[in-house]
Every structure is written in C-alpha cells, then in structure tokens.
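Q: Counting the sequence shown from 1 gives a position; our numbering is that position plus 8. The beta carbon of each residue, even a glycine, is placed where N, CA and C say it ideally should be. Note that the structure is predicted; figures quoted are calculated from it, not measured. The structure's right below; bear with me while I get my questions together.
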Amino acid sequence: IRLYFLELYFIKLLLLNEPSAETSVFVLKGQDVRLDVQTNVTLQYVDVLYWKFNRSDNVVNHPPKLTFERYQGRVEFSEGNFSLLLKNLQEGDSGPYTAVVSGEKDSNVGFYLFSGRVEPPVLAVDSVSTINATCNVTCRGQNTSVTFSCNSSTCSQVGGESRGAETSTVPLLSVYVAGASIICNHSNQVSWANDTKEIERMCVPNSGKSDQEDLKLIVTVCGIAIIIIIFIIVLTWRKQNRGKLPIVNTANNRMISHYL
C-alpha cells in the first residue's frame, strides 16, 4: 500500500498579544492525530469553544457538545480537555485548524496547519545569452517562484531571493544542473516533485542550431547531386560506345570492323 505523508505544523499561542512558538509534528496519511488547546481554558457561562477548519468551517462546538454534519464520524471531541481527535487523515484534510473561545471577546487557544504533498513545479526559460552561453530560467510552484542563471555546469540564483512566501510552512524551490539537464525541485519536509529539462533544448540558441542543420543539409544535397551527375555521364558514354565490336569473315579469313 502506497503511503503518503501529511505534514503537521503546530503554532502555539500562549496568550493574546504574546509571541508564539512553532513546533513541527509529522504523521502518515491514514493515521489519527489529536489537537490540544494550548492554554488553560475555563469556559464562562457565556463562552462557547469552537474547533474550526480553514477559519470558517465549524467542526465541533461546546457547550452544548455538537459535531457538525460534515465531520460526523471523522472526529472526536473531549469535553474534559477540549482536545479534538482527527481520524484517518487524508489529502483533503490539509489546511488550518483553529480552537476559538467565543464570548465577550473571541480568542484563539490553539492553531494547527496541515500541509500535504507538494505540487509538481514548472520550469521555463526566460532568456538565452549567446555571449556567455547562459540562460535565465524560472521555477514556479505553489505561490512562490525562483529565477536562476544557468550554464552547462551550474546554476546561480538571480536577485538572491525567491518571489513569494517561503517559510517553514511553505514548500521550497531549488534549481540545479545534473548531467545534461536543469532540474527544478519542489519540496517540503515529507514530499518532493521536480521538473527536468535538457540544457541543450533550453539554453542553446535556436539560430545557431538552425545554421548547423542548414549546412548539413546543403552538403548532403550537393553530394547526392554530384553522384547523380557522375552516374548520368558514365551511362551516356556507355550508350554511345556500345556496338563497336569486331566481326570475323570466315570466307576470306579477314576481320572487318563495322558498326552495328
């Protein structure tokens, strides 16, 4: 059975307006994971605790204890410590899960972010330089991109920074040369994907390659033409000289040469 990984990022909020500490936890697809609130929560009579997905979809609330229809059979809520058990995690479960106490003021008491496998990146050529035999390429994937200048042996990043968010919760992009190919790699802590292109196809100017092909074609055509001309000349000469053969006259024992 092929197993896929899900990446679980946990951001701990101790109190409102206090700095948060981030911890990473990894789980296999198909496993269960328990989400805990990260502060000592005491619900007042007007307070309701919600677990939310994608900051807007309600998963459960308490009190009264209620599991919303979409998540029935997929989660378990503990009234004792307000933790939420997610069962049989799948790719579609990727996204933020937030614990919110709603009362006179809303306050976040827990925040989790699930990330699944990275998407395949796209590697494209921006420009080609015939002077120093380099080409600029851009690798794009999931809200970020990087541009590199590459030659036949190495790549160096242009500008020194990627465009777009690139944090511990966002997959990273890298571009490098391996053999005769340029590779764009898109990865996070649990998965990776790449796009590979041949250097010759990407970075060799089309004009130079076209000139070489034209020259080869001209030489080939000229060679074939010369062979055909020689063949015609030989064939014509043989036709013109065919029939000049000696005939022996047995009557007078003399050789008479004539043309047929």
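Do V68 and L92 count as a contact pair if the criterion is CB distance below 8 Å?
A: Working through the sequence shown from its first residue, we reach residue 92 at position 84. Working through the sequence shown from its first residue, we reach residue 68 at position 60. Yes, they are a contact pair.
Q: Please state whether DSSP places I236 in a helix, a strand or coil.
A: Taking the sequence shown and counting its residues from 1, one reaches residue 236 at position 228. In the structure shown, I236 sits in a helix (DSSP, three-state: H, G or I).
Q: Measuring CB atoms only, is the segment 71 to 87 touching the segment 130 to 147, in the sense that at least three cross pairs come out at less than 8 Å?
A: With the cut-off at 8 Å, the segment 71 to 87 and the segment 130 to 147 do not touch.
Q: Which residue comes first and which comes last in the beta strand (DSSP E) that contains I191?
A: Mapped onto the sequence shown, residue 191 falls at position 183. Unbroken beta strand (DSSP E) run through I191: 189 to 195.
Q: Under 8 Å by Cβ, that's how I've got V183 and C163 pegged, so tell me the actual separation to the nearest angstrom.
A: Translated into the one-based positions of the sequence shown, residue 183 becomes position 175. Translated into the one-based positions of the sequence shown, residue 163 becomes position 155. That belief holds up - the Cβ atoms of V183 and C163 are roughly 5 Å apart, short of 8 Å.
Q: How should C230 be labelled, buried or exposed, when 16 other C-beta atoms within 10 angstroms of its C-beta is the threshold for buried?
A: Sequence index remark: in the sequence shown, residue 230 carries index 222 (1-based). Under this definition C230 is an exposed residue.
Q: Bridge partners of G87, per DSSP?
A: On the sequence shown, position 79 is the one that residue 87 refers to. Per the sequence presented here, residue 87 reads as Glu, with Gly not at that position. Note: E87 sits in no beta bridge, so no partner.
Q: Does Y5 come out as helix, strand or coil in the three-state DSSP assignment?
A: No answer is possible for residue 5: it lies beyond the span of the chain, which begins at 9 and ends at 268.
Q: Is DSSP giving Q39 helix, strand or coil here?
A: Stepping through the sequence shown from its first residue, residue 39 is reached at position 31. Note: Q39 maps to coil in three-state DSSP.
Q: Please say whether D44 and G103 have beta carbons closer to each other than 8 Å?
A: If you number the sequence shown from 1, residue 103 lands on position 95. If you number the sequence shown from 1, residue 44 lands on position 36. Their beta carbons are not under 8 Å apart, which means G103 does not touch D44 by this criterion.
Q: Helix, strand or coil: how does DSSP classify L24 here?
A: As a working mapping, residue 24 is identified with position 16 in the sequence shown. For L24, the predicted model reports a pLDDT of 36, less than 50, meaning its position is unreliable and no value from the coordinates is stated.
Q: Pick from Q52, Q80, R82, N62: whose alpha carbon is nearest that of P71?
A: The residue you call residue 71 lines up with position 63 of the sequence shown. For P71, the nearest C-alpha among the options comes from Q52.
Q: Tell me where the alpha helix (DSSP H) around R250 begins and ends.
A: One-based indexing of the sequence shown puts residue 250 at position 242. No alpha helix (DSSP H) holds R250; DSSP gives it neither H nor E.
Q: Can you tell me where the alpha helix (DSSP H) with R209 in it begins and where it stops?
A: Taking the first residue of the sequence shown as position 1, residue 209 is located at position 201. Looking at the DSSP string, the run of the alpha helix (DSSP H) that includes R209 is 207 to 211.
Q: Just the C-alpha distance for D270 and N140, rounded to the nearest angstrom, thanks.
A: For the chain, the structure presents residues 9 to 268; residue 270 sits outside this window and is missing.
Q: With H, G and I counted as helix, E and B as strand and the rest as coil, what does DSSP make of R148?
A: As a first step, residue 148 is located in the sequence shown; it is residue number 140 there, counting from the start. R148 falls in the strand class under three-state DSSP.
Q: Do you know whose CA, among R82, V198, E208, lies nearest A188's CA?
A: As a working mapping, residue 188 is identified with position 180 in the sequence shown. Of the listed residues, the one whose Cα sits closest to A188 is E208.
Q: Distance check for G167 and F156, CA to CA, integer angstroms please.
A: Sequence index remark: in the sequence shown, residue 156 carries index 148 (1-based). Sequence index remark: in the sequence shown, residue 167 carries index 159 (1-based). When rounded, the distance between both Cα atoms is 9 Å.
Q: Going straight from the alpha carbon of F76 to that of V56, what length do you get?
A: Looking up residue 76 in the sequence shown gives position 68. Looking up residue 56 in the sequence shown gives position 48. Cα-Cα distance, rounded: 15 Å.
Q: Which residue comes first and which comes last in the beta strand (DSSP E) that contains D114?
A: Taking the first residue of the sequence shown as 1, we reach residue 114 at position 106. Taken as a continuous stretch (DSSP letters only), D114 belongs to no beta strand (DSSP E), as it is neither H nor E.
Q: When you compare only the Cα positions, how much space is there between C192 and R148?
A: To locate residue 192, count along the sequence shown from 1; it is residue 184. To locate residue 148, count along the sequence shown from 1; it is residue 140. Approximately 9 Å between the Cα atoms of the pair.
Q: Determine the burial state of L181: buried for a count of at least 16 other Cβ atoms within 10 Å of its Cβ, exposed for fewer.
A: As a position in the sequence shown, residue 181 is number 173, starting the count at 1. Answer is buried; the Cβ neighbour count reaches 16.
Q: Find the nearest neighbour of Q39 within the set N96, K205, I240, judged by alpha-carbon distance.
A: Residue 39 sits at position 31 when you count from the first residue of the sequence shown. Selected option, being the one with the closest Cα: N96.
Q: For V242, is the classification buried or exposed, using 16 other Cβ atoms within 10 angstroms of its Cβ as the cut-off for buried?
A: Sequence index remark: in the sequence shown, residue 242 carries index 234 (1-based). V242 is exposed by the Cβ-count criterion.
Q: Figure out for me which residue from S161, S153, N151, T152 has the closest Cα to the Cα of C143.
A: On the sequence shown, position 135 is the one that residue 143 refers to. Nearest C-alpha to C143: S161.
Q: Can you tell me whether V41 is buried or exposed, with buried defined as 16 or more other CB within 10 angstroms of its CB?
A: Indexing the sequence shown from 1 puts residue 41 at position 33. With 16 or more Cβ atoms within 10 Å of its Cβ, V41 is classed as buried.
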